[in-house]
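Heads up: the structure comes next, in structure tokens.
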Amino acid sequence: DNQKDVEELVKTVAEARADYVIVDLLNFRGETRKRFMEFLENYDSHLIPKYEELYQTDYCDKEYSRKMRKHANKIIKEHSVDKYDKMYSYRKSSTKRQKYQ
């Protein structure tokens, strides 16, 4: 979740000519916490303390979440992958196709 990685991800998606990017953070409801921490243990265990600090509840620290979303939304706009109207128009046309099949 560092800002440079977010920038690289959005840049790559923009270069692939995507219409939009949706950013979200993890939630640790239900089995998610257990499974994700097991994954981290095998993948990169030094990250575990950071995640335990950020996720003291089922949801990410609010200030961190706000900061990451603000940064991501800025980068998304800079790379013009914020055409969310395309998402809604696709849903509408998909629904119409299903209706007539």
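If you're matching positions, the sequence shown starts at 95 in our numbering and goes up one per residue.
C-beta: ideal position from N, C-alpha, C; glycine also.
This structure is a prediction, so every number in the text was calculated from the model and none was measured.
Is DSSP giving residue i helix, strand or coil here?
i	result
Asn121	strand
Asp113	coil
Asp176	strand
Tyr149	coil
Asp138	coil
Asn96	coil
Leaving aside the five residues before and after residue i along the sequence, list all residues of the same chain whose C-beta is less than 7 Å from its C-beta, in chain order.
i	result
Ser159	Leu119
Leu148	Cys154, Asp155, Tyr158
Lys180	Asp113, Tyr114
Can you list, in chain order, the residues of its chain with a C-beta nearer than 6 Å to that of residue i? Leave out the 5 residues immediately preceding and following it.
i	result
Ala110	none
His165	Gln97
Given this structure, state the Cα-to-Cα distance separating residue i from residue j, to the nearest angstrom.
i	j	result
Arg127	Leu141	14 Å
Phe133	Lys98	23 Å
Lys105	Met131	29 Å
Glu146	Val175	32 Å
Report the residue from the options whose alpha carbon sits nearest the alpha carbon of residue i.
i	options	result
Met162	Val107, Arg129, Val117	Val117
Glu101	Lys144, Ser139, Gln150, Ile170	Ile170
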